[in-house]
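What follows is a set of notes on a single structure, which appears directly below.
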Amino acid sequence: MQSFIRILTLTLLGLAPVAPLCAQTASPATSPAKSETATDAKRPEIYHVFFVKAALGKAAELAEFLKQPDPNAKGPQNGILLRHQDGDEWDYVAIEHVGPKATVENPATPMPETARALMDSHNDTYVNGPAWAEFAKAMGIDGDAAKTAGSV
Numbered sequence: 403m404q405s406f407i408r409i410l411t412l413t414l415l416g417l418a419p420v421a422p423l424c425a426q427t428a429s430p431a432t433s434p435a436k437s438e439t440a441t442d443a444k445r446p447e448i449y450h451v452f453f454v455k456a457a458l459g460k461a462a463e464l465a466e467f468l469k470q471p472d473p474n475a476k477g478p479q480n481g482i483l484l485r486h487q488d489g490d491e492w493d494y495v496a497i498e499h500v501g502p503k504a505t506v507e508n509p510a511t512p513m514p515e516t517a518r519a520l521m522d523s524h525n526d527t528y529v530n531g532p533a534w535a536e537f538a539k540a541m542g543i544d545g546d547a548a549k550t551a552g553s554v
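Under our numbering, think of the first position of the sequence shown as 403, with each following residue one higher.
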């Protein structure tokens with residue numbers, strides 16, 4: 403009887419990982435059941451996230467530079483600039499809404515040397531996120547521009 407219980411226990415323990423694996427659904431790429439319109443409705447937007455550490459004593463000047471719109475940008479620019487005040491590896495993070503597609507190109511006019519002198523270091527990354535209207539509402543920056551007057 404004890405050997406039967408031992409064999410049953412070992413069998414159940416051996417098969418336990420199989421149940422979660424069988425319960426997983428097929429990946430979206432192999433699942434023909436999903437329609438194109440369903441995936442387009444939930445398609446994430448792309449955001450450019452720019453972390454920057456100001457050069458010593460240059461934080462205010464860097465903030466003014468980061469607030470300026472990109473002269474090479476095509477179309478409306480939606481974004482937010484956040485300031486970190488408690489000593490992390492970055493002083494500012496700029497989150498810019500790019501849209502549903504992004505193409506990264508080397509700019510014809512690179513960042514001016516005067517702007518580079520304001521930065522100690524920076525990191526760029528691209529991330530997926532919700533539509534701009536949803537993001538702006540979550541951040542509390544939708545609608546009235548007076549909400550953010552004097553910010554940063």
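Yeah, the Cβ is synthetic: ideal placement off N, Cα and C, and Gly gets one too.
Everything numeric in this text was worked out from a predicted model, so none of it was measured.
Start and end residues, beta strand (DSSP E) containing Ala-456 = 447 to 456
How big is the Cα-Cα spacing for Leu-457 and Gln-470?
-> Reading off the sequence shown, one finds Ala at residue 457, where the question assumed Leu. Rounded to the nearest angstrom, the two C-alpha atoms are 18 Å apart.
Shortest alpha-carbon distance to Pro-532 belongs to which of Pro-502, Asp-490, Asp-493 and Asn-525?
-> Pro-502
Quick one: is Tyr-494 buried, meaning 16 or more other Cβ sit within 10 Å of its Cβ, or exposed?
-> buried
When the Cβ atoms of the segment 449 to 466 are set against those of the segment 509 to 523, are three or more pairs found closer than 8 Å?
-> yes
Mark Tyr-528 as exposed unless 16 or more other C-beta atoms lie within 10 angstroms of its C-beta, in which case mark it buried.
-> exposed
Beta-bridge pairing of Ala-484 - partner residues as DSSP gives them | In the sequence on display, residue 484 carries Leu and not Ala. In DSSP, Leu-484 forms a bridge with Val-495.
So, Glu-498 versus Gln-479, is the Cβ gap smaller than 8 Å?
-> yes
Buried or exposed by the 16-neighbour rule on C-beta atoms within 10 Å, applied to Gly-481 | buried
Decide if Glu-447 is buried, meaning its Cβ has at least 16 other Cβ atoms within 10 Å, or exposed.
-> buried
Cα-Cα separation between Gly-477 and Glu-536, rounded to whole angstroms = 19 Å
Where Thr-516 sits in the DSSP three-state scheme = helix
Mind reading off the beta-carbon distance from Pro-496 to Leu-483? Whole number of angstroms is fine, and I expect it under 8 Å.
-> Strictly speaking, residue 496 in this sequence is Ala, with Pro absent from that position. Going by Cβ atoms, the distance from Ala-496 to Leu-483 rounds to 5 Å, so yes, they are a contact pair.
Closest by C-alpha distance to Lys-460, when choosing among Thr-516, Ile-543 and Trp-534 | Thr-516
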